[in-house]
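Undergrad:
Numbering (the numbering used here), first residue to last: 2 to 234.
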């Protein structure tokens, strides 16, 4: 039985890679702005590292990693360790170095990470707006609620966390945006845009929960993934 066959989902790679990056001094969170793993190291601006997870090495993985180099200082790809797979091919190692991408392999039985190659200084034209969005989302998200590699469940974004906080505070009655400022600086925009259908205006400047909102906070409901595009608008 190969190590690769032990991996059923990309999330099985998340914990070992997260531990490894944390030992390197990064604060690590999963599924940030479409990236499987994002780590920030102290500094201003912070040092940004992105790791993309896949169950096998592929051209699509490399293309994804190359795109990430536009708004990250360091980019890794991570795959399960094999005996004779592409992750052991020296031509692949050279290609990663040429592209400025690091390669990590994960032994899923031991939970260990091996650094096959480190990212090199190759730098494409930077995408500064995407980098700022990445850093802002990482910093505003509370905790690490979503494991890297998740695809079958909605992602708990910082925006969603703030919307939930507003809804929770409105359990006992209607509120004005200023009443919720301590929970979310953009409370007014959250109530007005009403991405999830949780809020309704009862009078000028006053908002209450809809029946959907009451149901959501009562059941721990997570809004459908289709609202992600509206969150980003």
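Glycine is no exception: its CB is placed at the ideal position from the N, C-alpha and C atoms.
Grab the span of the alpha helix (DSSP H) containing residue 111 for me, first residue to last.
TA: Run containing residue 111: none; DSSP gives neither H nor E here.
Undergrad: Once you ignore the five residues that flank residue 218 on each side, which residues in its own chain have a CB closer than 6 Å to its CB?
TA: Excluding sequence neighbours, residue 218 sits near 168, 169.
Undergrad: Is it buried or exposed, residue 226, if we count other Cβ atoms within 10 angstroms and call 16 or more buried?
TA: Because residue 226 carries a pLDDT of 39, less than 50, the predicted location of this residue cannot be relied on, and no value is offered for it.
Undergrad: Specify the secondary structure class of residue 45 as computed by DSSP and reduced to three states.
TA: If DSSP states are grouped into helix, strand and coil, residue 45 belongs with coil.
Undergrad: Going by DSSP in three states, residue 130 sits in which element: helix, strand or coil?
TA: If DSSP states are grouped into helix, strand and coil, residue 130 belongs with the helices.
Undergrad: Compute the Euclidean distance between the alpha carbons of residue 40 and residue 203, then round it to the nearest angstrom.
TA: Rounded to the nearest angstrom, the two C-alpha atoms are 42 Å apart.
Undergrad: Reducing DSSP to helix, strand and coil, say where residue 212 ends up.
TA: DSSP places residue 212 in helix when its eight states are reduced to three.
Undergrad: Which one of 58, 70, 102, 177 has the shortest CA to CA distance from residue 86?
TA: If we check each option's Cα against that of residue 86, 58 comes out closest.
Undergrad: On the three-pair Cβ rule with 8 Å, is the region 45-63 touching the region 109-117?
TA: Touching, no, given that fewer than three Cβ pairs across the two stretches are closer than 8 Å.
Undergrad: Of all the options 35, 199, 23, 21, which has the alpha carbon lying nearest to the alpha carbon of residue 149?
TA: Answer by Cα proximity: 35.
Undergrad: Nearest-angstrom Cα distance between residue 96 and residue 64?
TA: Roughly 12 Å separates the two Cα atoms.
Undergrad: So what's residue 79 in DSSP terms, helix, strand or just coil?
TA: Residue state, collapsed to three classes: strand.
Undergrad: I believe residue 66 touches residue 78 by the beta-carbon criterion, under 8 Å. Please report the beta-carbon distance rounded to the nearest angstrom.
TA: Rounded, the Cβ-Cβ distance is 5 Å, consistent with contact.
Undergrad: From what residue to what residue does the alpha helix (DSSP H) around residue 68 run?
TA: Here the alpha helix (DSSP H) through residue 68 covers 60-69.
Undergrad: From what residue to what residue does the alpha helix (DSSP H) around residue 55 run?
TA: First-last for residue 55: undefined, no H or E at that position.
Undergrad: Would you say the beta carbon of residue 150 comes nearer than 7 Å to a heavy atom of the ligand SAH?
TA: The model depicted lacks the ligand SAH and carries no ligand whatsoever.
Undergrad: Measure the Cβ-Cβ separation of residue 189 and residue 199 and say whether it is below 8 Å.
TA: Taking 8 Å as the Cβ cut-off, residue 189 and residue 199 do not qualify as a contacting pair.
Undergrad: Rounded to whole angstroms, what's the CA-CA distance from residue 84 to residue 153? Just pull it up for me.
TA: When rounded, the distance between both Cα atoms is 30 Å.
Undergrad: So, is residue 2 buried or exposed, given that buried needs 16 or more other C-beta atoms within 10 angstroms?
TA: Residue placement at residue 2 cannot be trusted, given a pLDDT of 44 that sits under 50; what the coordinates show is reported in the next sentence. Exposed is the call here.
Undergrad: Using DSSP bridges, identify the partner residues of residue 119.
TA: For residue 119, which the question treats as bridged, DSSP gives no partner whatsoever.
Undergrad: Residues in the same chain with beta-carbon distance under 7 Å from residue 32, minus the five sequence neighbours each way, listed in chain order, please.
TA: Excluding positions up to five away in sequence, the list reads 147, 149, 151, 156.
Undergrad: Buried or exposed: residue 26, going by 16 or more other Cβ atoms within 10 Å of its Cβ?
TA: By the 10 Å Cβ count, residue 26 comes out exposed.
Undergrad: Where DSSP assigns a beta bridge to residue 200, which residues make up the other side?
TA: According to DSSP, which records beta bridges pairwise, residue 200 is partnered with 210.
Undergrad: Specify the secondary structure class of residue 105 as computed by DSSP and reduced to three states.
TA: Strand, per DSSP.
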